[in-house]
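Chemist:
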Amino acid sequence: MDTAFAHAIGALAADKRSGASQIAARAADVLLRRAARGASSPEDFRADVLAAGWALIQAQNTMAALINLVNTVLWKIEQVDTPQEMRQSVIEATDQFKRQLRDHAARVAEGALPLISDGATVVTLSQSSTVQHALLHAQRAGRRFSIICAESRPAYEGRETATKLAAHGLHVFLTVDTAVVAAVANADQFRGDNFVVLVGADMLTSKGLVNKVGTLALALAAHHSSVPVYTLCSSEKFLPPGYPMPPQRERAGDSIWPDAPANIELWNRYYDFTPLHQIAGVVTEHGVLPGAAVEAWLATTQLHPSLAKQALMLGR
Numbered sequence: 001m002d003t004a005f006a007h008a009i010g011a012l013a014a015d016k017r018s019g020a021s022q023i024a025a026r027a028a029d030v031l032l033r034r035a036a037r038g039a040s041s042p043e044d045f046r047a048d049v050l051a052a053g054w055a056l057i058q059a060q061n062t063m064a065a066l067i068n069l070v071n072t073v074l075w076k077i078e079q080v081d082t083p084q085e086m087r088q089s090v091i092e093a094t095d096q097f098k099r100q101l102r103d104h105a106a107r108v109a110e111g112a113l114p115l116i117s118d119g120a121t122v123v124t125l126s127q128s129s130t131v132q133h134a135l136l137h138a139q140r141a142g143r144r145f146s147i148i149c150a151e152s153r154p155a156y157e158g159r160e161t162a163t164k165l166a167a168h169g170l171h172v173f174l175t176v177d178t179a180v181v182a183a184v185a186n187a188d189q190f191r192g193d194n195f196v197v198l199v200g201a202d203m204l205t206s207k208g209l210v211n212k213v214g215t216l217a218l219a220l221a222a223h224h225s226s227v228p229v230y231t232l233c234s235s236e237k238f239l240p241p242g243y244p245m246p247p248q249r250e251r252a253g254d255s256i257w258p259d260a261p262a263n264i265e266l267w268n269r270y271y272d273f274t275p276l277h278q279i280a281g282v283v284t285e286h287g288v289l290p291g292a293a294v295e296a297w298l299a300t301t302q303l304h305p306s307l308a309k310q311a312l313m314l315g316r
């Protein structure tokens, strides 16, 4: 692994604040630069792309958009024969993937618009560029609403979300993480009514949603209070069938409590899993879909054999 590529992988792995779409767009650029080095044979080129793609996936292993990026590129280079043609195919595939991310974010925002009624209170957490885009789109459409945002420890991405939205003139209540659960249960304490929970997505499977830790607790509280929960999730974040659910890594505990006393074990995970039945709908580039429709959509995605083999080794 050359120094520049290793640095890029390290930067992606260390990013605890950016949303999945932002990281996927950066990963596409990294993969493109890596492929530009070329290779002497088609076999070597394919092997290099697979190795680079796998390193990108492992940098943020719970983000399905990276899996779909690499899967797309691998299928694209199968259609040509020479290293020169393959380089051009990588350029086309990565450029198309980034355009698709932008286009789908706009379409998801349009699909979410009916969920944000005038006078609504929208509850969210962490930092999702897709959710932010949808809220700003609703504001431009003339909707008046308030936002409750959990600060999202330990990296406090929720503060960044609140700052960005407030800068556009939206009214935001920022809460500590556990208080957002109480906020959903005590809607009458906040301006507006018609509560709705909108969250982003790192990965969607046929069973449920992987997203920033706190999503499950928020969904359970919302379900208890009859507040609908929607995930704003374009198809790039769907986990392809045949790819095993990635194991979640433990994060360093010092971001929770530096210099913690002896005999205290710090359990620090950044993501949790929310079952699909706890979610009212998935807002995709094709509108709001129920869980059953998502499962049917997932079945249409074909995992590249090389990536499937690599993933199988991971699952052992």
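Going left to right, the sequence shown walks through residues 1 to 316 as our numbering numbers them.
Beta carbons are placed, not taken as given, at the ideal position from N, Cα and C, and that holds for glycine.
Small disclaimer: the values here were computed from a predicted structure and weren't measured.
1) Ends of the beta strand (DSSP E) at F273?
2) In chain order, what residues of the same chain have a beta carbon less than 7 Å from the beta carbon of K207, not counting five sequence neighbours either side?
3) Taking just the CA atoms, how far does K237 sit from L113?
4) Do you know whose CA, among E157, T205, W267 and S117, lies nearest I67's CA?
5) Do you know offhand how far V196's Cα is from D118's?
6) Nearest by alpha-carbon distance to H223: which of F173, G281 and N268 is it?
7) Would you be able to state if there are at least three C-beta pairs under 8 Å between the region 121 to 134 and the region 55 to 75?
8) Should T231 be labelled buried (16 or more other beta-carbon atoms within 10 Å of its own) or exposed?
9) So, does the region 96 to 108 touch the region 33 to 50, judging by three or more C-beta pairs under 8 Å?
10) Three or more beta-carbon pairs under 8 Å between the region 168 to 185 and the region 245 to 255, yes or no?
11) Assign P83 to one of two classes, buried (16 or more other C-beta atoms within 10 Å of its C-beta) or exposed (fewer than that).
12) Counting Cβ pairs, one atom from each stretch, are 3 or more of them under 8 Å apart for the region 12 to 25 and the region 147 to 160?
13) Report all residues from its chain with a CB closer than 6 Å to the CB of N61; omit the five preceding and five following residues, and keep chain order.
14) Let me make sure I understand the geometry here. Which of D15, A52, E43 and E92 has the alpha-carbon closest to that of Y270?
15) Where do the N-terminal and C-terminal ends of the beta strand (DSSP E) with A120 fall, by residue?
16) Along the chain, where does the beta strand (DSSP E) containing F45 start, and where does it finish?
17) Would you list the one or two residues that DSSP bridges to T380?
18) Would you list the residues sitting across from N148 in a DSSP beta bridge?
19) Compare the C-beta of T231 with all C-beta atoms of chain C and state if any pair is closer than 8 Å.
20) Within a Cβ cutoff of 6 Å, which residues of the same chain sit near L239, ignoring the five residues on either side of it in sequence?
21) Does DSSP put N71 in a helix, a strand or coil?
22) Once DSSP output is grouped into helix, strand and coil, what is the label at L298?
23) Let me know if Q302 comes out buried or exposed under the rule of 16 or more other beta-carbons within 10 Å of its beta-carbon.
24) Where do the ends of the alpha helix (DSSP H) carrying T82 lie?
25) Which whole-angstrom value is the C-beta distance of T284 and C233, which I expect to be below 8 Å?
26) Let me know the secondary structure DSSP gives G208 once reduced to three states.
27) Could you tell me the boundaries of the beta strand (DSSP E) in which L266 lies?
28) Let me know the secondary structure DSSP gives S232 once reduced to three states.
29) Answer yes or no: do A52 and L31 have a C-beta to C-beta separation smaller than 8 Å?
30) Within a Cβ cutoff of 6 Å, which residues of the same chain sit near M86, ignoring the five residues on either side of it in sequence?
31) On a Cα-Cα basis, can you pick out the residue from I9, S235, V90 and D48 that is closest to D103?
32) Please name the residue, chosen from M313, S306 and A311, that lies closest to E43 on a Cα-to-Cα basis.
33) If you draw a straight line from the alpha carbon of K164 to that of L69, how long is it in whole angstroms?
Modeler: Concretely, from the data shown:
1) Y271 to P275
2) P275 and L276
3) Approximately 20 Å, taken between the alpha carbons.
4) Proximity to I67 across E157, T205, W267 and S117 peaks at T205, based on C-alpha coordinates.
5) Taking the straight line joining both Cα atoms gives about 12 Å.
6) G281
7) no
8) buried
9) no
10) no
11) buried
12) yes
13) Within the same chain, Cβ atoms closer than 6 Å to the Cβ of N61 are found at P246, the five residues on either side in sequence being excluded.
14) D15
15) Counting along the chain, the beta strand (DSSP E) containing A120 begins and ends at A120 to L125.
16) Premise fails: F45 lies in the alpha helix (DSSP H), P42 to A59, not in any beta strand (DSSP E).
17) Examination of residue 380 is not possible in this model, given that the chain is present from 1 through 316 alone.
18) Per the sequence shown, residue 148 should be read as Ile rather than Asn. Answer is V123 and F173.
19) The structure shown has no chain C; it contains just one protein chain.
20) A64, M203 and T205
21) helix
22) helix
23) exposed
24) Note, T82: premise wrong, no alpha helix (DSSP H); not H, not E.
25) Going by Cβ atoms, the distance from T284 to C233 rounds to 6 Å, so yes, they are a contact pair.
26) strand
27) First-last for L266: undefined, no H or E at that position.
28) According to the sequence as given, residue 232 is Leu; it is not Ser. In the structure shown, L232 sits in a strand (DSSP, three-state: E or B).
29) Cβ atoms of A52 and L31: closer than 8 Å.
30) F45, I77 and V80
31) S235
32) S306
33) 28 Å
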